[in-house]
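Colleague: Its first residue numbered 9, the sequence shown is counted upward by one per residue in this note's numbering. Positions of the beta carbon are idealized from the N, C-alpha and C atoms, including for glycine. As the structure is a prediction and not an experimental result, all values here were calculated from the model. Could you have a look at this structure, given as structure tokens, before my questions?
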Amino acid sequence: MAFLKEIDDEGDTDVCDQEDVAYERRVCVPFPMECPSIFGVSYIELPIRKILTWAAEEYKDSRELLMNIREEFYFGDHPDDYDYLVDSGPVHLLSREELAIRRLALEKDRGAREMRRLGFQREDELGEHQCEEDRGAREAARHSFRKEDEEIRKGKRDCWAEDEMIDREWERFIVERDSWPPERRSEMERAERARLAALDEQLQSRYGKLSDLEFALMEKITRRGEAEAKFASSASS
């Protein structure tokens, strides 16, 4: 982006250096306490970038959101965005007696664990199937309200464009303010901040109205879908 390039070129001290904007780029998953005694490792360390990549593939409904987060914060421009680590830090190793007790308890509970696993797996599969059916019913019902739906979608697109415009205006403000006359800089900054705050307030109001319209539309779509499903069920019985 042009404004950000100007910031880099001018070395604007008001903008944080990348190294100053620190946040975790990896997560550490500790294993159960007996794991080091059995497998020799106590944790796995994973790049958040790779976790988001996997999650985006696994959870399709949130794919766009997760990929946007990945590209914004875990872009692949840092060594911590790559490779994993399976290791063992300072741990307490269990004795053979303790391990034998745990193995026997695990074996005794294996049948019940398998039953629980199958139960959760069935629930998950049924939930996925129900979600697909609900999604299909919503899309079919949405067609009945396509004019309202398109108006809301257009309103969202307009808001997103305005949102980006306000971001660009803030970038312009940050770049240009150092060139303003020193004797007027404070006054000009106050005026510009007030203008930008007013733009944002107007935008948030539009977002709120769109959210109310979308909620009302979803209620109508849900009621229509339920009515059609009830009719289809009674017709087939």
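(1) What is the rounded straight-line gap between the Cα of residue 70 and the Cα of residue 154?
(2) Just the C-alpha distance for residue 185 and residue 57, rounded to the nearest angstrom, thanks.
(3) Name the residue from 139, 135, 60 and 53 whose alpha carbon lies nearest to the alpha carbon of residue 97.
(4) Name the two residues that bound the continuous beta strand (DSSP E) containing residue 55.
(5) List the whole-angstrom C-beta distance separating residue 167 from residue 215, where the pair is believed to meet the contact cut-off of C-beta under 8 Å.
(6) Which first and last residues belong to the beta strand (DSSP E) in which residue 93 is found?
(7) Any idea what DSSP makes of residue 38, helix, strand or coil?
(8) Specify the secondary structure class of residue 180 as computed by DSSP and reduced to three states.
(9) To the nearest angstrom, how far is the alpha carbon of residue 13 from that of residue 179?
(10) Quick check on the burial criterion: 16 or more other C-beta atoms within 10 angstroms. Buried or exposed for residue 187?
(11) Please list, in chain order, all residues of the same chain as residue 225 whose beta carbon is under 7 Å from its beta carbon, the five residues on each side excluded.
(12) Nearest-angstrom Cα distance between residue 205 and residue 45?
(13) Going by the beta-carbon positions, is the gap between residue 42 and residue 102 smaller than 9 Å?
(14) Taking the alpha helix (DSSP H) that residue 44 falls in, what are its first and last residues?
(15) Please confirm whether residue 95 and residue 37 have their CB atoms less than 9 Å apart.
(16) Which stretch, first to last residue, makes up the alpha helix (DSSP H) that contains residue 111?
(17) Does DSSP put residue 121 in a helix, a strand or coil?
(18) Hey, would you say residue 181 sits closer than 9 Å to residue 198, going by beta carbons?
(19) Taking 9 Å as the CB-CB limit, is residue 90 close to chain D?
(20) Going by DSSP, what residue range makes up the alpha helix (DSSP H) through residue 74?
(21) Please state the DSSP three-state secondary structure of residue 33.
(22) Within 10 angstroms of the Cβ of residue 74, are there 16 or more other Cβ atoms? Answer buried if so, exposed if not.
(23) Since residue 88 contacts residue 55 with CB under 8 Å, what's their CB separation in whole angstroms?
(24) Using C-beta distances below 8 Å, list every residue in its chain close to residue 65, excluding the 5 sequence neighbours before and after it, in chain order.
(25) Drop a sphere of 10 angstroms on the beta-carbon of residue 35, count the other beta-carbons inside from all chains shown, and report buried for 16 or more, exposed for fewer.
Modeller: Once the coordinates are examined:
(1) 23 Å
(2) 36 Å
(3) 53
(4) Its beta strand (DSSP E) spans residues 51 to 55.
(5) 6 Å
(6) 93 to 95
(7) strand
(8) It is helical.
(9) Because the pLDDT of residue 13 is 46, which lies under 50, any placement of that residue in the model is unreliable, and the question is left without a value.
(10) exposed
(11) 153, 156, 157 and 160
(12) 59 Å
(13) In contact: residue 42 and residue 102 (Cβ atoms closer than 9 Å).
(14) Taken as a continuous stretch (DSSP letters only), the alpha helix (DSSP H) holding residue 44 covers 43 to 47.
(15) no
(16) 104 to 116
(17) Residue 121: helix per DSSP, three-state reduction.
(18) no
(19) Here there is only one protein chain, and chain D is not present.
(20) 71 to 81
(21) coil
(22) buried
(23) Here residue 88 really is in contact with residue 55; their C-beta atoms are around 6 Å apart, less than 8 Å.
(24) 71
(25) Result: exposed.
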